[in-house]
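Going down the list, the sequences are from chains A and B.
For the first sequence, our numbering begins at 32 and goes up steadily by one.
For the second sequence, our numbering begins at 32 and goes up steadily by one.
The beta-carbon is built from N, C-alpha and C at its ideal position, and this holds for glycine as well.
Values in this document were obtained by computation on a predicted structure and should not be read as measured data.
Reading through the structure tokens given below for one structure.
There are 2 protein chains.
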Amino acid sequence: MLKGIDPLLSPDLLHALAAMGHGDEVVVADANFPAASLARRLLRLDGADAPRALRAILSVLPLDTFTPTPAAVMAVVGAPELVPEPVREFQVLVETAAGRAVQFEVVERFAFYERSRAAFAVVATSERRPYGNIILTKGVIPPA
Amino acid sequence: MLKGIDPLLSPDLLHALAAMGHGDEVVVADANFPAASLARRLLRLDGADAPRALRAILSVLPLDTFTPTPAAVMAVVGAPELVPEPVREFQVLVETAAGRAVQFEVVERFAFYERSRAAFAVVATSERRPYGNIILTKGVIPPA
Chain A
32 MLKGIDPLLS PDLLHALAAM GHGDEVVVAD ANFPAASLAR RLLRLDGADA PRALRAILSV
92 LPLDTFTPTP AAVMAVVGAP ELVPEPVREF QVLVETAAGR AVQFEVVERF AFYERSRAAF
152 AVVATSERRP YGNIILTKGV IPPA
Chain B
32 MLKGIDPLLS PDLLHALAAM GHGDEVVVAD ANFPAASLAR RLLRLDGADA PRALRAILSV
92 LPLDTFTPTP AAVMAVVGAP ELVPEPVREF QVLVETAAGR AVQFEVVERF AFYERSRAAF
152 AVVATSERRP YGNIILTKGV IPPA
């Protein structure tokens, strides 16, 4: 553990988040997500649910301000207009971190998998609720 | 880079500092120090001097409060009573981070090498001034 850093950010997760650059993406994945088969770099947060993992990541990761949609969630199969419970919780966490209203991109299931395959890292959580997945796009840290 | 984290803390250095536990030690080494030959885990901060590296590390690393001397420096060969310029700068940085007066342990050159060999990591800096070396002992982060 380190001073001022969420203890859920493991050494490997901190490493990945710090190594990401502008436009790189990280996926927070629920317990049913095919994380191990898709991920270029797999990080496990067994024990944490998706909002808890998201909160830890957002405590250090700047969201991209070059795009109106720095976060993407998975469309409910057959009912893309529905907003699943974890996504409602993600919305509050992302908007709090961004300090502004943020429109989530809603991505069809297999397109979400393809985008996750290209992501810098996938963080596998113990989230049991369906559609507990979110892709974040990293922004920049301005000069001091 | 990450929000609220000194940009000098590279992904590898952050990983090492986060992975260290209570009592583990990290060495900040000057440019003449035999870092590559001694280190169990070598991390390079070429470009930074030793006080700059120390300041970055102390921004996240808790110092050990179980010992009166959570920091050790190298004794000047033949004149152990001297306090080299980098050590005077270390003193200010360590005491500021600790929020209290801190007595440095002063360790004979070869004993300092042996202790560095056992350390969790050695951070090699571009510090050109002699005796720009310090060993820090990690403390604990209390429950929130």
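Residues near residue i in its chain [Cβ-Cβ closer than 6 Å; skip 5 each side]
{"i": "Ala152 (chain B)", "result": "Ala47, Val57, Arg72 and Leu74"}
{"i": "Val125 (chain A)", "result": "Ala102 and Val133"}
{"i": "Glu120 (chain A)", "result": "Pro82"}
{"i": "Glu136 (chain A)", "result": "Thr100 and Ala103"}
{"i": "Ala87 (chain A)", "result": "Asp37, Leu39 and Leu40"}
{"i": "Leu45 (chain A)", "result": "none"}
{"i": "Thr96 (chain B)", "result": "Gly170"}
Contact set for residue i: own chain, Cβ-Cβ below 8 Å, skip 5 residues either direction
{"i": "Tyr144 (chain A)", "result": "Pro65 and Leu69"}
{"i": "Glu116 (chain A)", "result": "Arg160"}
{"i": "Ala150 (chain A)", "result": "Asp55, Glu56, Val57, Val58, Ala70, Arg71 and Ile166"}
{"i": "Ala110 (chain A)", "result": "none"}
{"i": "His53 (chain B)", "result": "Asp95, Phe97, Lys169, Gly170 and Val171"}
Residue i - DSSP class collapsed to helix/strand/coil
{"i": "Val137 (chain A)", "result": "strand"}
{"i": "Ala175 (chain B)", "result": "coil"}
{"i": "Val114 (chain A)", "result": "coil"}
{"i": "Leu33 (chain A)", "result": "coil"}
{"i": "Leu167 (chain B)", "result": "strand"}
{"i": "Ala150 (chain A)", "result": "coil"}
{"i": "Ala132 (chain B)", "result": "coil"}
Below-8 Å beta-carbon distance, residue i vs any chain A residue
{"i": "Ile166 (chain B)", "result": "no"}
7 Å Cβ shell around residue i - same chain, five flanking residues per side excluded
{"i": "Ala60 (chain B)", "result": "Ala66, Val153, Val154, Ala155, Thr156 and Asn164"}
{"i": "Met105 (chain A)", "result": "Val138, Arg140, Phe143, Tyr162 and Asn164"}
{"i": "Pro99 (chain B)", "result": "Gln134"}
{"i": "Leu13 (chain B)", "result": "The displayed coordinates of chain B run from 32 to 175. Any statement about residue 13 (chain B) would go beyond what the structure contains."}
{"i": "Leu85 (chain B)", "result": "Val59, Phe121, Leu124 and Ile165"}
{"i": "Ala79 (chain B)", "result": "Leu39, Thr156 and Ser157"}
{"i": "Pro93 (chain B)", "result": "Lys169, Gly170, Val171 and Ile172"}
{"i": "Ile77 (chain B)", "result": "Going by the sequence as given, residue 77 (chain B) is Asp instead of Ile. Ser157, listed in sequence order."}
{"i": "Arg148 (chain B)", "result": "Leu69"}
{"i": "Ser90 (chain B)", "result": "Asp37"}
The ligand GTP heavy atom lying under 7 Å from the CB of residue i
{"i": "Ala66 (chain B)", "result": "No copy of the ligand GTP appears in this structure; indeed no ligand is present at all."}
In chain order, what residues of the stretch 84-111 of chain A put their CB closer than 8 Å to some CB of chain B?
Ser90, Val91, Leu92 and Pro93
TODO: With 8 Å as the limit, tell me which residues of the stretch 34-56 of chain B have their beta carbon closer than that to any beta carbon of chain A; keep them in chain order.
DONE: Lys34, Gly35, Ile36, Pro38, Leu40, Ser41, Pro42, Asp43, Leu45, His46, Ala47, Leu48, Ala49 and Ala50
With a floor of 3 residues, list each beta strand (DSSP E) that falls wholly inside the stretch 44-109 of chain A, ordered by position along the chain. 56-60, 73-76 and 102-105
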